[in-house]
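Shown next, in structure tokens, is the structure this report addresses.
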Amino acid sequence: MGTTECQMLTTTAKVLVPLFMYVYAVTRPMIATAQNGSPPPPRANTEVTITMAVLLPDWPLVTTDLQYPYYKQMLTPGLDMALEKYDQIVPGVLNVSVIHTNSQCDSGVTQISTVDLRYQYLTDVFIGPVCEYAMAPTGRFSAHWSVPILTVGGQALGYDNKLEYKTLTRLSGPFSKMARYIRDYFTYQNWNHTAFMYEDSDTNYRDCQFGAGAAYFGLAENGFRTPEAVSFKEEEIEDPSNINKLLRDYVMPNARIVVMCASGDSIRKIMLAAHELGMTNGEYAFFNIFLFDSNYFGDVTWKRGDKDDEAAKQAYRSLMTFTLRKPETPKFEAFAAEVKERALRDYNFSFDAVGEEVNTFVGAFHDAVILYALALNETLEEGGNPRDGKTLTHRMWNRTFEGIMGNVTIDSNGDREADYSLLEMTDIENGIFTVAGHYDGVAKKYTPVPGVVIDWPGKTPPKDVPDCGFKGEFCIEEDDTGFTVMIMMISMVVVIIVAAIIIIYVVRKYRLEMELANMVWKIKWEDITFNNKMDKQRKLTGSRVSLASGESGQSVWGGNQQIFTVTGYYKGNIIAIKKVNRLRVELTRNVLIDFKHMRDISHDHVTKFIGACIDPPNISVMTEYCPKGSLQDILENDSIELDEMFKYSLLYDIVKGMYYLHNSVIQTHGNLKSSNCVVDNRFVVKITDFGLHSFREPDHAFEPDEDDSFQYYQKRLWSAPELLRLPEMPLGGTQKADVYSFGIIVQEVIYRESVFYVANVDLSPKEIIHKVKQGNKPTFRPTLDRSTCPDEICSLCNRCWAEEPTDRPDFSQLRIIMRKLNKQNEGRSLVDNLLSRMEQYATNLEALVLERTEAFYEEKRKAEELLYQILPRPVAEELKKGKPVTAESFECVTIYFSDIVGFTSLSSESTPLQVVDLLNDLYTCFDSIVNNYDVYKVETIGDAYMVASGLPVRNGDFHAREVARMSLALLSAIKTFKIRHKPDRTLMLRIGLHSGPVVAGVVGLKMPRYCLFGDTVNTASRMESNGEAMKIHISSSIKKILDLFGTFVIELRGEVEMKGKGKQTTYWLLGELKDKNGLCDFKYQEIPV
1 MGTTECQMLT
11 TTAKVLVPLF
21 MYVYAVTRPM
31 IATAQNGSPP
41 PPRANTEVTI
51 TMAVLLPDWP
61 LVTTDLQYPY
71 YKQMLTPGLD
81 MALEKYDQIV
91 PGVLNVSVIH
101 TNSQCDSGVT
111 QISTVDLRYQ
121 YLTDVFIGPV
131 CEYAMAPTGR
141 FSAHWSVPIL
151 TVGGQALGYD
161 NKLEYKTLTR
171 LSGPFSKMAR
181 YIRDYFTYQN
191 WNHTAFMYED
201 SDTNYRDCQF
211 GAGAAYFGLA
221 ENGFRTPEAV
231 SFKEEEIEDP
241 SNINKLLRDY
251 VMPNARIVVM
261 CASGDSIRKI
271 MLAAHELGMT
281 NGEYAFFNIF
291 LFDSNYFGDV
301 TWKRGDKDDE
311 AAKQAYRSLM
321 TFTLRKPETP
331 KFEAFAAEVK
341 ERALRDYNFS
351 FDAVGEEVNT
361 FVGAFHDAVI
371 LYALALNETL
381 EEGGNPRDGK
391 TLTHRMWNRT
401 FEGIMGNVTI
411 DSNGDREADY
421 SLLEMTDIEN
431 GIFTVAGHYD
441 GVAKKYTPVP
451 GVVIDWPGKT
461 PPKDVPDCGF
471 KGEFCIEEDD
481 TGFTVMIMMI
491 SMVVVIIVAA
501 IIIIYVVRKY
511 RLEMELANMV
521 WKIKWEDITF
531 NNKMDKQRKL
541 TGSRVSLASG
551 ESGQSVWGGN
561 QQIFTVTGYY
571 KGNIIAIKKV
581 NRLRVELTRN
591 VLIDFKHMRD
601 ISHDHVTKFI
611 GACIDPPNIS
621 VMTEYCPKGS
631 LQDILENDSI
641 ELDEMFKYSL
651 LYDIVKGMYY
661 LHNSVIQTHG
671 NLKSSNCVVD
681 NRFVVKITDF
691 GLHSFREPDH
701 AFEPDEDDSF
711 QYYQKRLWSA
721 PELLRLPEMP
731 LGGTQKADVY
741 SFGIIVQEVI
751 YRESVFYVAN
761 VDLSPKEIIH
771 KVKQGNKPTF
781 RPTLDRSTCP
791 DEICSLCNRC
801 WAEEPTDRPD
811 FSQLRIIMRK
821 LNKQNEGRSL
831 VDNLLSRMEQ
841 YATNLEALVL
851 ERTEAFYEEK
861 RKAEELLYQI
871 LPRPVAEELK
881 KGKPVTAESF
891 ECVTIYFSDI
901 VGFTSLSSES
911 TPLQVVDLLN
921 DLYTCFDSIV
931 NNYDVYKVET
941 IGDAYMVASG
951 LPVRNGDFHA
961 REVARMSLAL
971 LSAIKTFKIR
981 HKPDRTLMLR
991 IGLHSGPVVA
1001 GVVGLKMPRY
1011 CLFGDTVNTA
1021 SRMESNGEAM
1031 KIHISSSIKK
1041 ILDLFGTFVI
1051 ELRGEVEMKG
1061 KGKQTTYWLL
1071 GELKDKNGLC
1081 DFKYQEIPV
């Protein structure tokens, strides 16, 4: 077989093997589940067996080279220590089965191992892999199976995408976090121009490509100038001339800040080359990205014991290192010592033999296992499924817990907020680096270490851009003085000529920018005052201008509801305020220019733009207020008579206003309709609600969903057919569309009917819009009857609403036509016409005011009646006068309590509606009786009824007599009361009476109540509750008062035990004696003092 065939087979295998593995991964767990059944979720407080698969590369026994900083023999002791803590975290219910497999840091081996582990052992959680390429298949399979995966690797930028790696949690800071640190530090130093150099020696691992790439994109995508970047192979820089070429071609012309990622030997070669090129004199700063706190990158010091040591020592003064922050706590030191001991004892691995310390990967590996235990414990405590990978994963995200290296914070994307350090070589002779500053990943803040001063070769940090520029373009050699003088002379001549040409443009541009920057149109909401009296007057004569949609000047008829223009005072003048449906305003240049144009607009027939408020939630436009309302108001007010002359005058005003707008910078209106034509005090029509299209455009989140509402189609009856056919109508419209809208207004003015009036046809706005959009021949338009409409007007309307926009006249032509139609009014002065119209308007207003006044007094009477039903009349009168109602003490009043015996059982036998009807009928009966006595109904609660006499107006001792007589009347009435749904059943009333002192007052502002307080209320309630059905139970205090009248028949009941009162002597009120005429007219006796 030839070489070509072998290559083809190899290529085919590379494609087919991953495809086969994916099918195998997806289908084998399904087959296993079908055969064996998925294990049911364990019940609470039962033993749970968790299968934990650990995928790490094994340490090869034949070498002492540290190929990876995360071998199984290095990381597993930390895992063992974490598992020993599981009984404390998940007490008594957890059995963990740990399965180790050799990932070999190979993606092909890893994906096979992943599927086998899941298929054979139904793995519940994956710990690892750590290598970048090996991480991808396991991460994708875990997301597909919804199995949690925790790793201290997978730091590449692509693993930030948790839509793809849904169950991945990373316990070591990803490269994107380091990129943020580098970006923030460069911002701290005010550096913007950078260059990247990274080693790309092995396509299987490529840690530097991933790390430097993340830093590159972290700068390029966050406002920094796109860095220059160059990669190199280790063998390519064996020749120093190659390094010199890279520095000269890529670094020196573009940056003074150099970020590198390479092995220790490669970094030394680059620094030596930079020193040779004079780049270590303080003008440049070099940073090495030390991805792992491990000997993985080899010797990172300058010392090699060769002839270049001295030069390297000087060059390394310009070198600093970005790296993960290594904990220096006693807790971590003890942990590291135990890890070393266990690695040697349990796994025959010696950290010291390979010159390696316990790195942060070991601590993070330990914390990963702890984090999983915490999430598992919370799930089991809540009775959840410990194999619900999605829930477990999200319990691990967005939380902070205490790990072996201190507090561990996992962000909302499942990534650890790692801390980093900046290393500076403070001991140059020995090549020892010291921490110069720390970066807090949670606070996202860089803090220098006190007492550590960075030894900048130039005494200060390098400048982002050198004084002479990167290529010396800002400096000129001294020996070029003659040439320089010549260049300067030519430049001066050119500058003078150009300045003479553009000076006018510059001045105008400057003035424009000053106007835009000053924002003279801006109005603060607190500078606007509102007057209630003004608002009431506005509601009588205001125009129907919409505040409910983005088209803030549109007529709105929602049923019978009118929405009026909001008005206020600004600098002593009344202004119209139109709300704009925006959540916030972004002051782009287009918006500022629109405001400037609006300020420049000035015409007799266009409303004046006052300004705008851009402070949420009061985003609005302020314009001149026209108190006579809109043209639509006038047309729909039958009390205002309009003769032909006046109609033509109104239309001519509109034409003049639109002619001005179309010839101004505004160019179009876009929403011309009768409600956007307002009338001022002189009966002059003015155009409003134009311009500011970019400002008025509503936020999508703010737009109401009204695509099928009556209002939605009603406000489009003035719109041209070519706009209606568009998916979304432009706010600005077109000039020809404005002409069409004017034609609709002309017909509206002439006929004074509703908009788009069609005689003898009853169509909804939706049906009208549908017919107009169809464009069938003949086109569907409003009614024009030549017998009732002048020929000139009919011809003008037909031209204005022509189907083809090009067939419509413009407003310059319409102005000529309307001038001819209005000629007959030239013999009469405008003042005479205005005075005549105002006189008619004043007459109409007098009748309107009289009608509204009568309506006001009627509503006032109804409101007072309602108030008298809620509060006693004297109290209500005080409140109406604006006086405070203070609580008042009454020496003696009589209180009545009653309820229905057996009401609870009756309610259980009835429907809720029947119970409501029963109580309504009963209390209506009671209320009609109560009105005959000098008493006040306090409240009703369910079947309880409370009445008092002697307050708020004192009536001497008659309160006892009034309540007693009322009680007898109620007892008599209940005997004949019929229950609608149970006519054969009789209600049994139980009544209790008591007299004594109380305090009464109004409680609350919303739904205020007149409440009684004191022991007398409680005693009256006890009298009722200790009474009997169809009897009136009274206390000795009221009996004493009733005896003075000599008319009441009272029987001693005896001593009754009452809650909180002890034994009390009580009586039954049996009735009242009457004279021969049936009246109670016995002489009243004064109570002896």
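Numbering-wise, full-length UniProt numbering puts 1000 at position 1000 of the sequence shown, and it's gapless, one number per residue.
Idealized CB from N, CA, C, for every residue including glycine.
| Query | Result |
| --- | --- |
| Report buried or exposed for alanine 759, applying the criterion of at least 16 other Cβ atoms within 10 angstroms of its Cβ. | exposed |
| I'd like to know whether the C-beta atoms of alanine 134 and cysteine 105 end up nearer to each other than 8 Å. | yes |
| When burial is assigned at 16 or more other CB atoms within 10 Å of the CB, is residue 1091 buried or exposed? | The structure shown has nothing for residue 1091, since the chain only spans 1 to 1089. |
| Kindly identify the DSSP beta-bridge partner or partners of cysteine 1011. | Gly1001 |
| Thinking C-beta only, is methionine 405 closer than 8 Å to alanine 375? | no |
| If we require 4 or more residues per run, which alpha helix (DSSP H) segments fall completely within the stretch 652-736? | 693-696, 710-714, 721-724 |
| Use the C-beta contact count for aspartate 762: other C-beta atoms within 10 angstroms, 16 or more gives buried, fewer gives exposed. | exposed |
| Measure the beta-carbon distance from valine 591 to phenylalanine 433 and round it to whole angstroms, keeping in mind my assumption that it falls under 8 Å. | Actually they are not in contact, since the Cβ atoms of valine 591 and phenylalanine 433 sit about 53 Å apart, beyond 8 Å. |
| To which residues does DSSP link methionine 52 through a beta bridge? | Val98, Val125 |
| Determine the direct distance from the alpha carbon of threonine 167 to that of valine 23, and round the result to whole angstroms. | The predicted model places valine 23 with a pLDDT of 43, which falls under 50 and marks its position as unreliable; any figure quoted below should be read in that light. In a straight line, the C-alpha of valine 23 is about 20 Å away from that of threonine 167. |
| Residue ranges of each beta strand (DSSP E) run of no fewer than 3 residues wholly in the stretch 232-296, ordered along the chain? | 257-261, 285-290 |
| Report back the beta-carbon spacing between glutamate 234 and serine 266 to the nearest angstrom; my notes put them in contact at under 8 Å. | 6 Å |
| Tell me which same chain residues have a C-beta within less than 6 Å of the C-beta of alanine 336, skipping the five on either side of it? | Val358 |
| Could you have a look at leucine 635 and say whether DSSP puts it in helix, strand or coil? | helix |
| With three or more beta-carbon pairs closer than 8 Å as the criterion, would you say the stretch 359-373 touches the stretch 65-82? | yes |
| How many angstroms separate the CA atom of phenylalanine 322 from the CA atom of leucine 423? | 7 Å |
| Find out if the Cβ-Cβ distance for the pair alanine 334, serine 172 is shorter than 8 Å. | no |
| Could you check whether serine 318 and tyrosine 347 sit closer than 8 Å to each other, using their CB atoms as the reference points? | no |
| Measuring CB to CB, does methionine 988 end up less than 8 Å from phenylalanine 897? | no |
| Please specify which runs of the beta strand (DSSP E), each continuous and at least 3 residues long, are wholly inside the stretch 119-190, giving them in chain order. | 125-127, 149-151, 168-170 |
| What does the alpha-carbon distance come out to for the pair arginine 990 and asparagine 531? | 55 Å |
| Just to confirm, is the Cβ distance from aspartate 615 to lysine 471 under 8 Å? | no |
| By Cβ distance, which residues of its chain are closer than 7 Å to glutamate 891, with the 5 residues on each side in sequence left out? | Pro997 |
| Rank Ile496, Ser972, Lys326 by C-alpha distance to the C-alpha of tyrosine 420 and give the top, closest one. | Lys326 |
| Under the DSSP definition of a beta bridge, which residues are partnered with isoleucine 816? | Beta-bridge pairing links isoleucine 816 to no other residue. |
| From which residue to which residue does the alpha helix (DSSP H) around alanine 960 run? | 958-975 |
| Is proline 137 closer than 8 Å to threonine 114 when the C-beta atoms are compared? | yes |
| Give me, in chain order, the residues of the same chain whose beta-carbon lies closer than 6 Å to that of glutamine 735; leave out the 5 immediate sequence neighbours on both sides. | His662, Thr668 |
| Measure the beta-carbon distance from leucine 277 to leucine 247 and round it to whole angstroms, keeping in mind my assumption that it falls under 8 Å. | 6 Å |
| Are there 16 or more other CB atoms within 10 angstroms of the CB of arginine 511, so buried, or fewer, so exposed? | exposed |
| So is tyrosine 505 buried or exposed if we call it buried at 16+ other beta carbons inside 10 Å? | exposed |
| Between the C-alpha atoms of phenylalanine 1045 and threonine 911, what's the straight-line distance to the nearest angstrom? | 46 Å |
| What separation, rounded to the nearest whole angstrom, lies between the Cα atoms of residue 1145 and phenylalanine 217? | Residue 1145 falls outside the range modelled here, since the chain spans only 1 to 1089, and no answer is possible. |
| Can you name, in chain order, every residue of its own chain whose Cβ lies under 8 Å from the Cβ of tyrosine 121, other than the five neighbours on each side? | Thr51, Ala53, Ser97, Ile99 |
| Just to confirm my understanding: we take arginine 387, look at its own chain, exclude 5 residues before and 5 after, and list those with CB closer than 6 Å. What are they? | Asp124 |
| Measuring alpha carbon to alpha carbon, tell me which of Lys571, Cys613, Ile577 ends up nearest glutamate 586. | Cys613 |
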